[in-house]
Amino acid sequence: PPEQAAALVAEMEPDEAAEALRDLATEERSEILELMEDEDRHKIEGLLEFDEEAAGGFMTPLLVTALPTDRVSSVRARLAEAAEHGTDIDAVVVVDEIGRLVDDVSLFRVATAPGTATMAGLCSDEPPVTVAPDDEVRSVAEALTESRRSSVLVVSDERVLGRILADDVIDALLPGRVRRHFPRLLQ
């Protein structure tokens with residue numbers, strides 16, 4: 012039933028939910044989305060707007076953000092609040108007062124810094140690794156490989172839209188082998 016499907020989709024990470032819903036007919040997808048809470052529905056609908064073969068189509072919008080003036084101790088508290096999404100968070104996105112990207116600080120740096128330090132003190136002189144929402148999977152894979160990072164940020168007009176983790180790139184490159192087939196989950 013659609014109610015059961017909506018509950019199942021709501022429990023998924025947004026990028027996985029969008030991927031699963033793409034397998035459904037438009038009518039079924041709309042019915043399930045209508046039964047979801049607004050916040051979850053809006054995140055998933057935002058992802059569905061992007062081509063599934065483009066960076067925006069397989070990014071996760073789940074981010075932990077901080078201002079340069081934020082103390083590391085407060086950022087650690089935000090990370091603890093996001094613990095249920097731990098597999099999708101490998102860094103903290105540092106943005107300025109109007110939301111423009113400043114840096115992408117690894118969890119290791121956050122974990123090993125003194126709690127009294129500010130995020131500005133953890134920012135690098137090197138620009139963070141970014142891709143555009145319409146970049147193809149291969150371009151994302153190249154950026155990830157060249158950077159030796161475990162993720163890249165998806166950015167448009169200096170604003171961070173989401174993050175793509177290495178496992179998401181593998182899923183996108185090997186869709187026939189690792190893709191979850193949502194219709195089968197409902198049978």
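To convert, note that position 7 of the sequence shown is 18 in our numbering; the numbers rise steadily by one, no gaps. For every residue, glycine included, the Cβ atom is placed at its ideal position computed from N, Cα and C.
Going by DSSP, what residues sit across from residue i in a beta bridge?
i: residue 173; result: 165
i: residue 142; result: 165
i: residue 4; result: In the structure as shown, the chain starts at 12 and stops at 198, and residue 4 therefore has no counterpart that could be examined.
i: residue 147; result: 65
Inspect the beta-carbon positions of residue i and residue j and report whether they are closer than 8 Å.
i: residue 163; j: residue 155; result: yes
i: residue 111; j: residue 169; result: yes
i: residue 76; j: residue 173; result: no
Taking 7 Å as the cut-off, is the beta-carbon of residue i closer than that to any non-hydrogen atom of the ligand FAD?
i: residue 169; result: Ligands in the displayed structure: none, and consequently the ligand FAD is not present.
Compute the Euclidean distance between the alpha carbons of residue i and residue j, then round it to the nearest angstrom.
i: residue 29; j: residue 51; result: 11 Å
i: residue 13; j: residue 55; result: 16 Å
i: residue 88; j: residue 145; result: 33 Å
i: residue 185; j: residue 61; result: 19 Å
i: residue 104; j: residue 143; result: 16 Å
i: residue 121; j: residue 35; result: 40 Å
i: residue 31; j: residue 113; result: 33 Å
i: residue 15; j: residue 27; result: 17 Å
i: residue 93; j: residue 137; result: 27 Å
i: residue 246; j: residue 179; result: Given that the chain is displayed from residue 12 to residue 198, the structure contains no residue 246 and the question cannot be resolved.
Indicate whether at least one CB of chain B lies closer than 8 Å to the CB of residue i.
i: residue 102; result: The structure shown contains no chain B, having only a single protein chain.
Name the residue from the options whose alpha carbon lies nearest to the alpha carbon of residue i.
i: residue 95; options: 68, 73, 124, 41; result: 73
i: residue 47; options: 133, 19, 130; result: 19
* Would you list, in sequence order, the uninterrupted beta strand (DSSP E) runs of no fewer than 3 residues that lie entirely inside the stretch 46–119? => 102–106, 112–117
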